[in-house]
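Comments concern the structure below.
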Amino acid sequence: MARLRTDMTTIRLHNTKSRRKEEFIPLDPKNVRMYVCGPTVYDRAHLGNARPVIVFDVLNRLLRHVYGADHVTYVRNFTDVDDKINATALARQKAGAAGSLEELIAQRSDETIGWYHDDMDALGALRPDLEPRATDFVGQMVVMIADLVAKGNAYEAEGHVLFAVESYSDYGALSGRSIDDMIAGARVEVAPYKRNPMDFVLWKPSSDAQPGWDSPWGRGRPGWHIECSAMSYELLGASFDIHGGGNDLQFPHHENEIAQSACAHPGAEFARYWVHNEMLQVEGKKMSKSLGNFFTVRDLLDQGVAGEAMRFVFLGTHYGKPMDWTEAKRAEAEATLRKWYQVLHSHGMTVESVKALKSAGKWATDAEFIGVLANDLNTHGAIARLHVLSKAHTAEGLAPFAAGLEVLGLIDDWADLPALAGVDGVVDAVEDWVGAVIAGLLAKRQAARAAKDFATADEVRDVLNAAGVQVTDVAGQASWQPGPDFDASKLEGLK
Ligand code: AMP
Ligand code: ZN
């Protein structure tokens, strides 16, 4: 029986399965297990793909905070069986690239996985403990499919193996639909060999131009849904705690995962808490190539938007609500973060002082901050609490603020702080005379303010604004960074 732990933070999560917020009680607090559907690795991740990464990274960090860093297993897969990957590999082969089709397919997946790691690292997402690739688990998928056939939940037809949805009476329970509703609402692939139009593919035949594996049903490849059922079973067991993904995956992908796993492992629970993030939009519109508002995480990084700023924008909206990416939010995130990092920097937060605070046991998180976050990942509320905590006046007093930034993944390496605060690197990149002119202007502004000569202080401010210089005042100290419209030529007259 689960022991009531009063010393442990209670996490609450909205469980799609029950449609309500539930207290999270793991099967084994020594090994909390979470599976999240990962990307199909055919191209760069777009900004929407970053949403589940950040949402479940925050949950992973919170679980580690509550249960201990070594007591969580977070699995996120790579789907590397996909027609778009094949198409790129085939096009490269036709263009004269060396290697077999299998090698070129693996090359394309490796390349895309490398990009994915770079881009998600830049967003401050910790790598999951395990990142299985579907192609490494095809043998286990074949075993699971054969078992489903033997149990009467799947059947072979024309080289395909299909799951018989009518063999599983709870089919549709997660999204609350009946099979008839689903047939009416979904664009199902009609095929003469299907017994029920909703029956879905577990295995399909491959042509010579497609990757294939030997199986009892001939050379072929697995369907998408069986990947997650097989990999979660192999790595986390027949029953585990949390299953996550975007809510576009609820139906059919997650319904199908449940049907496969429940029938393959009767008596087990499969995933106990289903957590779904809502979709991302751009300036109020669905992100799509045809609307011209489609962009990747890399596009934004290349434009100079910091990963921390993107992350901060995501954290501003609850994961269960649709969120909008706007330029205004980006600018606001950048301003808030710069201010926060400067507060920490100007109060002497360094790698050494953080280490000293941690070893002296003075790195406690704020109970209210954790409590808010643990209430169904209220990241917006947690940020509001950080605004309050950021008002402390000493490094030690700021420790709960800094520890909160760590829990939200807004800083991992304290050696990065000077660069994040804009007091390093960015300012070094401008020519010496520019720094000297701006320092002179800031000194003039300070003297004018001290003398209550506000007309002069305003004049200086206008000159700085016109040149696109952003000034931040923290604890009586002014610092500056080149803003997005920075133009040093506007300062030339002051040389
Ligand atoms: P995919 O590579 O398309 O299978 O998607 C990978 C992950 O990104 C899945 O968890 C999707 O639910 C999620 N995803 C895709 N588009 C969006 C979007 N616009 N907003 C939020 N999540 C998305
Ligand atoms: Zn999945």
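Position 33 (the sequence shown) corresponds to 1075 in this note's numbering; numbering is contiguous.
For every residue, glycine included, the Cβ atom is placed at its ideal position computed from N, Cα and C.
Assigned secondary structure, residue i (DSSP; H/G/I helix, E/B strand, else coil)
i	result
Thr1051	coil
Arg1150	helix
Phe1496	helix
Gly1284	A small fix is needed here, since residue 1284 is Ile in this sequence, not Gly. DSSP places Ile1284 in strand when its eight states are reduced to three.
Ser1521	strand
His1159	helix
Glu1376	helix
Pro1258	coil
Ala1463	coil
Asp1222	helix
Phe1066	coil
Gln1323	strand
Val1339	helix
Met1183	helix
Thr1058	coil
Asp1504	helix
Glu1534	helix
Trp1475	helix
Val1468	Unreliable positioning characterises Val1468 in this predicted model, as indicated by a pLDDT of 49, which lies under 50. A coordinate reading is not provided.
Glu1198	strand
Leu1357	helix
Trp1405	coil
Leu1450	coil
Met1391	coil
Phe1205	strand
Tyr1383	helix
Pro1294	helix
Leu1244	strand
Thr1514	strand
Lys1193	coil
Ala1233	coil
Distance between beta carbons of residue j and residue i, contact taken as under 8 Å
i	j	result
Phe1411	Gly1446	5 Å
Phe1179	Gln1302	Actually they are not in contact, since the Cβ atoms of Phe1179 and Gln1302 sit about 14 Å apart, beyond 8 Å.
Ala1444	Leu1386	6 Å
Tyr1158	Thr1130	The Cβ separation is near 15 Å, so there is no contact.
Gly1080	Arg1106	Going by Cβ atoms, the distance from Gly1080 to Arg1106 rounds to 19 Å, so no, they are not a contact pair.
Val1430	Leu1104	Their Cβ separation, rounded to whole angstroms, is 20 Å, which puts Val1430 and Leu1104 out of contact at 8 Å.
Ala1614	Ala1490	A query on residue 1614 cannot be resolved here, the shown segment of the chain reaching from 1043 to 1537 and no further.
Val1243	Gly1218	Going by Cβ atoms, the distance from Val1243 to Gly1218 rounds to 24 Å, so no, they are not a contact pair.
Val1203	Trp1255	Not a contact, Cβ separation roughly 13 Å.
Ser1281	Leu1069	6 Å
Asp1212	Ala1304	7 Å
Gly1346	Gly1262	About 46 Å; that fails the 8 Å criterion.
Lys1532	Ala1497	Lys1532 to Ala1497, Cβ: 21 Å. No contact.
Pro1170	Tyr1109	Not a contact, Cβ separation roughly 16 Å.
Tyr1275	His1307	7 Å
Asp1366	Gly1326	6 Å
Residue i vs residue j beta-carbon contact at 8 Å
i	j	result
Glu1208	Trp1259	no
Trp1522	Val1505	no
Leu1168	Asp1099	yes
Val1339	Leu1101	no
Tyr1077	Ala1313	yes
Asn1298	His1267	yes
Val1123	Val1074	no
Val1396	Trp1456	yes
Ala1424	Val1476	no
Glu1144	Pro1071	no
Tyr1383	Leu1462	yes
Ile1155	Phe1120	yes
Gly1227	Ser1220	no
Ala1406	Pro1364	no
Ala1416	Thr1082	no
Leu1419	Trp1316	no
Ala1176	Ile1187	no
Val1324	Ser1257	no
Residue i CB to nearest heavy atom of the ligand FMN below 7 Å
i	result
Asn1091	This structure lacks the ligand FMN; its bound ligands are the ligand AMP and the ligand ZN.
Test item, CB below 5 Å from any non-hydrogen atom of the ligand ZN:
Cys1079, Cys1270
Would you call the region 1284 to 1298 and the region 1316 to 1325 in contact, with 3 or more CB pairs under 8 Å?
yes
Count the C-beta pairs between the region 1334 to 1345 and the region 1047 to 1061 that are closer than 8 Å, then say yes if the count reaches three, no if not.
no
Three or more C-beta pairs under 8 Å: does that hold for the region 1354 to 1372 against the region 1173 to 1191?
no
Counting beta carbon pairs with one atom in the region 1388 to 1404 and one in the region 1417 to 1432, are three or more of them shorter than 8 Å?
no
Should the region 1337 to 1351 be called in touch with the region 1152 to 1168, which here means at least 3 C-beta pairs below 8 Å?
yes
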